[in-house]
Structures are given as structure tokens and as C-alpha cells.
Amino acid sequence: MSEPETVYLWEDSPRLELTRQQVTLPSGLTFTSHTLIAQNGRPGVVVIAGDAERILLVRQFRPGPGAELLELPRGFGENDPSAFDSAEAAQCADAERELLEETGYRASDSRVLGGYVTDSALLPGRVAVVTATVDPAQHPAALDGEVNAVVWVQRTALKPMTRRGEFSDAHTLAALALLFADE
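Under full-length UniProt numbering, the first residue of the sequence shown is numbered 1, with each subsequent residue one higher.
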């Protein structure tokens, strides 16, 4: 395998780097592999936050599919893990920040439920799925303008909504799979 070569670099936020390298598999097959690295490879976060009966979702326009999607709050990792007691603490802090920015709600009792790789061929970034408690009685802070609406959904409705295809983004589906496996 050759050293990765930077093909494109976007230094603004979020930082994006597209690399390419020659890869030879154990079978002898050789090909050019491209990889997109976001935020210097820091793990992203998806937040499953709510109370005992409901969770928070957001409606957000996504330019890629050109549609408004119903999703779990999520975002890029921004915290340097070396500034925290553990990588998990950094991921929980990132999740709490994203939740506050996108929904206006402050979280407590956050913990990492699990994680996944976005796309093992092209997008190798890891994503942490964080669960957190939100008191629905709190007065939410002002939103950052990214989302169109904050929606409370009954936890019992999540599986039927998933089966009906109401969630179409991979981050929400992967996070819900971890949540369902944890039940």
C-alpha cells in the first residue's frame, strides 16, 4: 500500500481532506483507493436524547439528497480527546454540544452506547452513538439555525417508523440499530 496523497483539502469548517493511494489486496488485486477524512479523523457523534418515554429528533434540510429528513441530532467531533479524561468523555461532550446547538436542550447522564464506521470504503471516520437524558420541562436555548424543527417522538414509535422508512439517513439508522440491540 502506498502512502496516501492529498488530492483535495478544504481548510474551513468542517475540515475535509480527500486522499488517494494504491492498495494491493492479499489476492493480488491492485486499485486506487480514495478516502474522505473529516475533522482530522476525530469521531463524529449521533445523539439519542430524551426522557423515559420520548426522544428528540430534528427535521433538517440536507442538500445531498435535496430533501428535509427526520434525524437524530448529529455532528462532527470537535473536542481534542487529549483534553479529557477519556475518549468517551470527549465524545459525550461533543454530543452534548451538538444536542444544545440543534435542539436547544441541555443533556445529562450521557454515555457512549457504541459506534460504527460511516463507510468502510470511502468514509473511514468513526461515529460514536451517545445516549443522554433530557428534561423536557427545561426551557430550550436558542437554536443555531441548522434545523427546521425539533420533534419529540414516543420511544415505542421508533421501530414502526423505522419499518415504514421514515428515517433514511445512515447515521440515524445505525444509531437506532444500536439502541434496539441495547433494549
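Note that beta-carbon positions come from the ideal geometry of N, C-alpha and C, so glycine has one too. Since the structure is predicted, the reported quantities are computational estimates derived from the model, not experimental observations.
- Where H139 is concerned, there is no enclosing beta strand (DSSP E), because DSSP gives it neither an H nor an E.
- Inter-segment contact for the segment 98-115 and the segment 6-17 is absent: fewer than three beta-carbon pairs are separated by less than 8 Å.
- Within its own chain, the residues whose Cβ lies closer than 7 Å to the Cβ of T32, once the five positions on either side in sequence are excluded, are R20 and Q22, listed in chain order.
- Contiguous beta strand (DSSP E) elements confined to the segment 56-120 occur at 67-71 and 107-119, taking only those with 3 or more residues.
- R164 sits in coil when the DSSP states are folded into three classes, being neither helix nor strand.
- Between the alpha carbons of E146 and Q60 lies a gap of roughly 7 Å.
- Boundaries of the beta strand (DSSP E) harbouring A38: T30 to A38, taken from the DSSP string.
- Per DSSP, T24 is one residue of the beta strand (DSSP E) stretching across L16 to T24.
- With respect to G114, L178 sits close: the two C-beta atoms are nearer than 9 Å.
- For R155, the three-state secondary structure derived from DSSP is helix.
- Taking the C-beta atoms as reference points, P124 is found nearer than 9 Å to T35.
- P65 places its beta carbon less than 9 Å from that of S168.
- The beta-carbon distance between F76 and A38, rounded to whole angstroms, is 6 Å. This is short enough to meet the 8 Å contact definition.
- When C-alpha distances from D109 are compared across A181, N40, Q91 and S120, the shortest belongs to Q91.
- C-alpha of T131 to C-alpha of S27: approximately 41 Å in a straight line.
- Between D119 and the set Q138, A170, A137 and M161, the nearest pair of CA atoms involves A170.
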